[in-house]
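Read through the structure below, which is laid out as structure tokens, and then see the notes.
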Amino acid sequence: MERIQESRLMSPDNATEGRIVLIAPLSGPVVPLASVPDPVFSEGLFGDGIAVDPLVGRLVSPCDGTVMHLARTGHAVTLQTAEGAQVLVHIGIDTVELNGKGFTPKVEQGAQVRRGDLLIEFDLDVVACNAPSLVSVIAVANSDAFEVVERAGYASHAEAGETPLLVLRAREGAVAATSVAEVVTNEVRRSVTLTHAGGLHARPAARAREAVRGIDARVEVRYGERKAAIESVVGLLGLGAGEGATIELVGLGHEAQKAVDAVANELLREAPGEGGEAPARQLSPAPVVAPVASAAGAGVAAQQAPRSAPGTLIGVCAAPGVAVGKLVRWDDAELEPSELASGPSSAESRLLDKAVASVDGELDASVRAASQRGAIGEAGIFQMHRVLLEDPTLIDAARDLISLGKSAGFAWRASIREQIAVLGKVDDPLLAERAADLRDLEKRVLRALANANGTGNAMGAAQRELPEEAVLAADEFTPSDLASLDRKRVTALVMARGGATSHAAIIARQAGIPALVALGDALHKIEEGTQVVVDAGAGSLAFAPSPQDVERARAEKQRLAGVREANRRTSHEAAATRDGHAVEVAANIATLEDARTAVENGADSVGLLRTELMFIHRQAAPTVDEHREGYQAIAEALGGRTAIIRTLDVGADKEVDYLTLPPEPNPALGLRGIRLAQVRPDLLDDQLRGLLAVEPMGAVRILLPMVTDVGELVRLRERIDTFAREAGRTGRIEVGVMIEVPSAALLADQLARHADFLSIGTNDLTQYTLAMDRCQPDLAAQADGLHPAVLRLVSIAVEGANKHGKWVGVCGALAGDPLAVPLLIGLGVTELSVDPVSVPSIKARVRKLDYSQCRERAFEVLALESAQAVRAASRAHWPLD
Ligand code: PEP
Ligand code: MG
Numbered sequence: 001m002e003r004i005q006e007s008r009l010m011s012p013d014n015a016t017e018g019r020i021v022l023i024a025p026l027s028g029p030v031v032p033l034a035s036v037p038d039p040v041f042s043e044g045l046f047g048d049g050i051a052v053d054p055l056v057g058r059l060v061s062p063c064d065g066t067v068m069h070l071a072r073t074g075h076a077v078t079l080q081t082a083e084g085a086q087v088l089v090h091i092g093i094d095t096v097e098l099n100g101k102g103f104t105p106k107v108e109q110g111a112q113v114r115r116g117d118l119l120i121e122f123d124l125d126v127v128a129c130n131a132p133s134l135v136s137v138i139a140v141a142n143s144d145a146f147e148v149v150e151r152a153g154y155a156s157h158a159e160a161g162e163t164p165l166l167v168l169r170a171r172e173g174a175v176a177a178t179s180v181a182e183v184v185t186n187e188v189r190r191s192v193t194l195t196h197a198g199g200l201h202a203r204p205a206a207r208a209r210e211a212v213r214g215i216d217a218r219v220e221v222r223y224g225e226r227k228a229a230i231e232s233v234v235g236l237l238g239l240g241a242g243e244g245a246t247i248e249l250v251g252l253g254h255e256a257q258k259a260v261d262a263v264a265n266e267l268l269r270e271a272p273g274e275g276g277e278a279p280a281r282q283l284s285p286a287p288v289v290a291p292v293a294s295a296a297g298a299g300v301a302a303q304q305a306p307r308s309a310p311g312t313l314i315g316v317c318a319a320p321g322v323a324v325g326k327l328v329r330w331d332d333a334e335l336e337p338s339e340l341a342s343g344p345s346s347a348e349s350r351l352l353d354k355a356v357a358s359v360d361g362e363l364d365a366s367v368r369a370a371s372q373r374g375a376i377g378e379a380g381i382f383q384m385h386r387v388l389l390e391d392p393t394l395i396d397a398a399r400d401l402i403s404l405g406k407s408a409g410f411a412w413r414a415s416i417r418e419q420i421a422v423l424g425k426v427d428d429p430l431l432a433e434r435a436a437d438l439r440d441l442e443k444r445v446l447r448a449l450a451n452a453n454g455t456g457n458a459m460g461a462a463q464r465e466l467p468e469e470a471v472l473a474a475d476e477f478t479p480s481d482l483a484s485l486d487r488k489r490v491t492a493l494v495m496a497r498g499g500a501t502s503h504a505a506i507i508a509r510q511a512g513i514p515a516l517v518a519l520g521d522a523l524h525k526i527e528e529g530t531q532v533v534v535d536a537g538a539g540s541l542a543f544a545p546s547p548q549d550v551e552r553a554r555a556e557k558q559r560l561a562g563v564r565e566a567n568r569r570t571s572h573e574a575a576a577t578r579d580g581h582a583v584e585v586a587a588n589i590a591t592l593e594d595a596r597t598a599v600e601n602g603a604d605s606v607g608l609l610r611t612e613l614m615f616i617h618r619q620a621a622p623t624v625d626e627h628r629e630g631y632q633a634i635a636e637a638l639g640g641r642t643a644i645i646r647t648l649d650v651g652a653d654k655e656v657d658y659l660t661l662p663p664e665p666n667p668a669l670g671l672r673g674i675r676l677a678q679v680r681p682d683l684l685d686d687q688l689r690g691l692l693a694v695e696p697m698g699a700v701r702i703l704l705p706m707v708t709d710v711g712e713l714v715r716l717r718e719r720i721d722t723f724a725r726e727a728g729r730t731g732r733i734e735v736g737v738m739i740e741v742p743s744a745a746l747l748a749d750q751l752a753r754h755a756d757f758l759s760i761g762t763n764d765l766t767q768y769t770l771a772m773d774r775c776q777p778d779l780a781a782q783a784d785g786l787h788p789a790v791l792r793l794v795s796i797a798v799e800g801a802n803k804h805g806k807w808v809g810v811c812g813a814l815a816g817d818p819l820a821v822p823l824l825i826g827l828g829v830t831e832l833s834v835d836p837v838s839v840p841s842i843k844a845r846v847r848k849l850d851y852s853q854c855r856e857r858a859f860e861v862l863a864l865e866s867a868q869a870v871r872a873a874s875r876a877h878w879p880l881d
């Protein structure tokens, strides 16, 4: 590294021979970056640079350029040179906490400045007394595009505006950032007296903001001492300009006049029917009508589209049952983001962007759903949340904190809370509503961040003491959330989103906990502690039940418990239809505990071990030995029953902590199931080796997920045989294929030639046949495995397998649906693999059937036109208990 030559000090230009010279923005001793008392800077997380310990409270521009970003609090500024280098000058350490105290910016964001221009004045004493250090950093924010090739000697004295500190050069091949727009100085002012009831409230503010979109000018709104940019609805609300207030609009830029007029017109326009703000946080007075409850594997009868009674939300059944309890909002638990970022600021910033984008997507879906229902007020509220979410005041403040090394979650929360405090100072009940909206957004984004980094459960129910009979409410539970629940205290699970075949739903069914999904955002508005009645079979959540409703629900719960008990007494006997046709009833499991539950409930075998769930919380992929130990323990717990062990099915709706897959535009159609082996063959190899080491060999069978055609199966079969030989195994291990992709069903005859058995995954088969995302709540009612198209594929698969004398099971949720059981048996399925707790009731169902009748009727329903028609026919032939 060269030291800067004196000759360069004389250079009049920023750039010399493609180099950019940055002069000292502050006067004082030069300090190496490594000595800055803040790891964000000293470890170079923000970028390469240098520091100065200032002796004078004046910060001047180190180069010619544009003010890209000026912290609201005046403690930091980022400039962009004509070449695209982005230079941050940050006064002191942790000075954002001073909230502007002691700092006086002398330029505005967007201004063009010359080297040596005064940018910020600050009071040295105030900053010195209130911040941990005065040491100020000059760092290259886009160090990936520009490198420091020379720097001033340490301990030398820098003179602001004179001493060269750093010389930068564009890195080879790096693309410089585009230069920021030229700022023009055409200024227009106009006063407006607000006539809206309620004054400058959220909706007129949002409309005014929209009015200037695309116009080449910036508009600021001033009211008394306060001012706010038109883009910031939060800032505009914080002005506290009520009805009758006179505000001043200040426009800057080429089209300043046009922009100011557009805003004024919008603010003077009386919106039809708008008398101030609609109360934002009330439950929609109109009942919320959710989709028809379906039985997509949930063991629930199809219904007429239920209209919700007042005080009731309608969703989709994910696990049947009745429950009475107190609503506990687990996702309302304080989300505690860690203060410090775990990586560079740029990565943290990207995390925030991703979380904000995902929340925006959710809100957009809510707006559309509410509009479709005609709930215009509700749609407006979510639309307003979208506007707040992209508010530059919030985003900028969060970015400031991120640039100081704070985590995205911490920064977002601090930024929101600051604005809530501002709104709290304005004495206006409507603004209190807006503060509630901000709190909602705080949680949504924190939740999205937590989900993105897999810490969702670490912030949730696992850490909370739950009351007895807790009806746990969440936006959507993830499998990892549920893995750590205190199941004894949870009497039901209710979710605003989710689908009946999502993994959360599957886990709820396995745990025997009644669950409802797709209840909509209205769920979030039910008060914590409210007594609720969940009738999952009917898809309903009553949040204002009468004492009689509660009594009836308790009685029904008891009746169902009685039926369950009776079924359990015979569950250890094999199941056959009345005319003697044997049906194996197996269990779907994910853990050793599930295996024990399966045995207790009388499962004949394990029809599906979802190994990805078994290792979901691990930080590293399981080793060969860990695989073997896990499966061996399960085989032993099963006491001679066989276990069909599915190889890892990661991707799409199933994420595991130890594997971060590259983002895919369409994960459900991406590297799922055995396709993962294309990029991580090691994961599958380790698992197969572990599986082949389980004793005795006959205790386990291998099941391959997401097989598309015979080529994949043959390749994997060869691989398994090779590993078996290497392990010195002589007997042949059985290998089956999941039929969960339409191509596999259609080609079942080819697959069955090489496979030992087929197992139909109706969850995915339904998703891919109907092109309906299994986790999309709006489609939860339609994504029904009893759709004739899905049943025809089941029939084709069985026919294909029978040609080669192979047996077919169903391990998707449809196998546990009492209305589907007679039809699947009729189509020739001989094994039903269901949640362990459902084994007794499915065996009981089988025993009531007549096989010859099942065959006859099953082929008849293939001619029906809808899932509802199939359900109705099944119910008519084989009524439910
Ligand atoms: C299925 O798709 O039906 C299935 C059993 O697999 P999973 O639910 O684990 O995707
Ligand atoms: Mg599947």
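The sequence shown lines up with residues 1 to 881 when you count with full-length UniProt numbering. Cβ atoms here follow ideal geometry from the backbone N, Cα and C, with glycine treated the same way.
Any heavy atom of ligand 2 inside 8 Å of the beta-carbon of Met738? Taking the sequence shown and counting its residues from 1, the one referred to as residue 738 is at position 738. Under cutoff, so the answer is yes.
Helix, strand or coil at Tyr223 [DSSP, three-state]: Looking up residue 223 in the sequence shown gives position 223. Assigned with DSSP and collapsed to three states, Tyr223 falls in strand.
heavy atom of ligand 2 below 8 Å from Asp521 C-beta: In the sequence shown, the residue the question calls residue 521 occupies position 521. It does not: the Cβ of Asp521 is nowhere closer than 8 Å to a heavy atom of ligand 2.
Which partner residues does Phe122 have in the DSSP bridge list? The count along the sequence shown starts at 1 and reaches residue 122 at position 122. DSSP output for Phe122 lists Phe103 as bridge partner(s).
In whole angstroms, what is the alpha-carbon distance linking Ala256 and Ala206? The residue labelled residue 256 in the question sits at position 256 within the sequence shown. The residue labelled residue 206 in the question sits at position 206 within the sequence shown. When rounded, the distance between both Cα atoms is 19 Å.
Just the Cα atoms here: how many angstroms apart are Arg213 and Pro742? Position 213 of the sequence shown, counted from the start, is the residue given in the question as residue 213. Position 742 of the sequence shown, counted from the start, is the residue given in the question as residue 742. Computed Cα separation, rounded: 47 Å.
By how many angstroms is the C-alpha of Ala229 removed from the C-alpha of Thr246? Counted from its first residue, the sequence shown places residue 246 at position 246. Counted from its first residue, the sequence shown places residue 229 at position 229. Taking the Cα positions, Thr246 is about 16 Å away from Ala229.
Which same chain residues end up closer than 6 Å to Thr312 when comparing Cβ atoms and leaving out the 5 residues on each side of it in sequence? Counting from one through the sequence shown, the residue named residue 312 turns up at place 312. Excluding residues within five positions, the ones whose Cβ falls inside 6 Å are Ser540, Ala542.
Which of helix, strand or coil does DSSP assign to residue 895? Residue 895 is absent from the model: the chain starts at 1 and stops at 881.
With a 10 Å radius around its C-beta and 16 neighbouring C-beta atoms as the bar for buried, classify Leu340 as buried or exposed. Position 340 of the sequence shown, counted from the start, is the residue given in the question as residue 340. So Leu340 counts as exposed.
Report the partner residues of Pro164 according to the DSSP bridge assignment. Counted from its first residue, the sequence shown places residue 164 at position 164. For Pro164, which the question treats as bridged, DSSP gives the partners Ile23.
Select from Leu267, Pro547, Arg559 the residue whose C-alpha is nearest the C-alpha of Asp881. Numbered from 1 along the sequence shown, position 881 holds the residue referred to as residue 881. Comparing Cα positions, the closest option is Arg559.
Start and end of the alpha helix (DSSP H) containing Ile825? The sequence position of residue 825 within the sequence shown is 825, counting from 1. Where Ile825 is concerned, the enclosing alpha helix (DSSP H) starts and stops at 821-826.
Excluding five sequence neighbours on each side, which residues of the same chain lie with their C-beta closer than 7 Å to the C-beta of Pro202? Position 202 of the sequence shown, counted from the first residue, corresponds to residue 202. The displayed chain sequence assigns Ala, not Pro, to residue 202. Within the same chain, and ignoring the five residues on either side of Ala202 in sequence, the residues whose Cβ sits closer than 7 Å to its Cβ are Val233, Leu237, Glu277, Met384, Arg434.
My guess is that Ser35 and Leu55 are in contact by the Cβ rule of under 8 Å, so how many angstroms apart are they, rounded? Taking the first residue of the sequence shown as 1, we reach residue 35 at position 35. Taking the first residue of the sequence shown as 1, we reach residue 55 at position 55. In fact, because the Cβ distance is near 17 Å, the residues do not count as touching under 8 Å.
Leu786: beta carbon under 8 Å from a heavy atom of ligand 1? Looking up residue 786 in the sequence shown gives position 786. Between ligand 1 and Leu786, a heavy atom-to-CB distance of less than 8 Å is absent.
Would a C-beta distance cut-off of 9 Å place Arg578 and Arg847 closer than the cut-off? Here residue 578 refers to the residue found at position 578 when the sequence shown is read from its first residue. Here residue 847 refers to the residue found at position 847 when the sequence shown is read from its first residue. Taking 9 Å as the cut-off, the beta carbon of Arg578 is found closer than this to the beta carbon of Arg847.
Return the Cβ separation of Ile91 and Phe122 in integer angstroms, given the expectation that the two are a contact with Cβ distance under 8 Å. Mapped onto the sequence shown, residue 91 falls at position 91. Mapped onto the sequence shown, residue 122 falls at position 122. Yes, they are in contact, since the Cβ atoms of Ile91 and Phe122 sit about 6 Å apart, within 8 Å.
Inter-residue spacing [alpha-carbon to alpha-carbon] between Arg725 and Asp685: Here residue 725 refers to the residue found at position 725 of the sequence shown. Here residue 685 refers to the residue found at position 685 of the sequence shown. The alpha-carbon atoms of Arg725 and Asp685 are separated by roughly 14 Å.
Selection from His196, Leu765, Pro310, Ser191 that minimises the alpha carbon distance to His522: Position 522 of the sequence shown holds residue 522. Here residue 522 turns out to be Ala, not His, going by the sequence shown. Per the Cα distances, Pro310.
For a test of the three-state rule: what should DSSP assign to Pro547, helix, strand or coil? By one-based count along the sequence shown, residue 547 stands at place 547. Annotated three-state conformation of Pro547 is helix, per DSSP.
Specify the secondary structure class of Gly512 as computed by DSSP and reduced to three states. Residue mapping note: residue 512 aligns to position 512 of the sequence shown, counting from 1. Gly512 falls in the coil class under three-state DSSP.
Just checking Arg701 against ligand 1 - is the residue's beta carbon closer than 8 Å to any of the ligand's heavy atoms? Numbered from its first residue, the sequence shown carries residue 701 at position 701. The answer is no for Arg701.
By a C-beta neighbour count over all protein chains shown, 10 Å radius and 16 as the cutoff for buried, is His787 buried or exposed? To locate residue 787, count along the sequence shown from 1; it is residue 787. Per the 10 Å Cβ criterion, buried.
Return the CA-CA distance between Ala633 and Leu592, expressed in angstroms with no decimal places. Position 633 of the sequence shown holds residue 633. Position 592 of the sequence shown holds residue 592. Separation of Ala633 and Leu592 (C-alpha to C-alpha, rounded to the nearest whole angstrom) is 7 Å.
Out of curiosity, what's the CA-to-CA distance linking Pro291 and Glu476? For the purposes of this step, residue 291 is taken as the residue at position 291 of the sequence shown. For the purposes of this step, residue 476 is taken as the residue at position 476 of the sequence shown. Confidence in Pro291 is poor, its pLDDT being 29 and thus under 50, which makes the residue's placement unreliable; the coordinate value appears in the next sentence. Straight across, the Cα-Cα distance linking Pro291 with Glu476 is about 17 Å.
Does the count of Cβ pairs from the segment 399-419 and the segment 316-331 closer than 8 Å reach three? No contact exists between the segment 399-419 and the segment 316-331.
What residues in its chain sit with their C-beta under 8 Å from that of Glu390, if we drop five residues either side in the sequence? For this step, residue 390 is matched to residue 390 along the sequence shown. Sequence-distant Cβ neighbours of Glu390 in its own chain, meaning closer than 8 Å and more than five residues away, are Val356, Asp360.
How would you label residue 882, buried or exposed, when you count the other beta carbons within 10 angstroms and need 16 or more for buried? Given that the chain is displayed from residue 1 to residue 881, the structure contains no residue 882 and the question cannot be resolved.
To the nearest whole angstrom, what separates the beta carbons of Val140 and Gln86, a pair I think is in contact under 8 Å? Here the question's residue 140 lines up with position 140 in the sequence shown. Here the question's residue 86 lines up with position 86 in the sequence shown. With 8 Å as the limit, Val140 and Gln86 qualify as a contact, their Cβ atoms being about 7 Å apart.
With DSSP collapsed to three states, give me the class of Val694. Position 694 of the sequence shown, counted from the start, is the residue given in the question as residue 694. If DSSP states are grouped into helix, strand and coil, Val694 belongs with coil.
Kindly indicate the opening and closing residues of the alpha helix (DSSP H) around Gln782. The count along the sequence shown starts at 1 and reaches residue 782 at position 782. That residue, Gln782, is in no alpha helix (DSSP H); it is neither H nor E in DSSP.
Alpha carbon of His581 to alpha carbon of Asp604, nearest angstrom: For the purposes of this step, residue 581 is taken as the residue at position 581 of the sequence shown. For the purposes of this step, residue 604 is taken as the residue at position 604 of the sequence shown. If you draw a straight line from the Cα of His581 to the Cα of Asp604, it is about 15 Å long.
Just to confirm before moving on: does the CB-CB distance between Leu22 and Leu166 stay below 9 Å? Taking the sequence shown and counting its residues from 1, one reaches residue 22 at position 22. Taking the sequence shown and counting its residues from 1, one reaches residue 166 at position 166. Closer than 9 Å, so yes.
Whole runs of the beta strand (DSSP E) within the UniProt domain "HPr" (187-275), excluding any shorter than 3 residues: The qualifying runs are 187-193, 218-223, 226-229, 246-252.
Secondary structure at Leu519, three-state DSSP: helix, strand or coil? Residue mapping note: residue 519 aligns to position 519 of the sequence shown, counting from 1. In the structure shown, Leu519 falls within a coil segment according to DSSP collapsed to helix, strand and coil.
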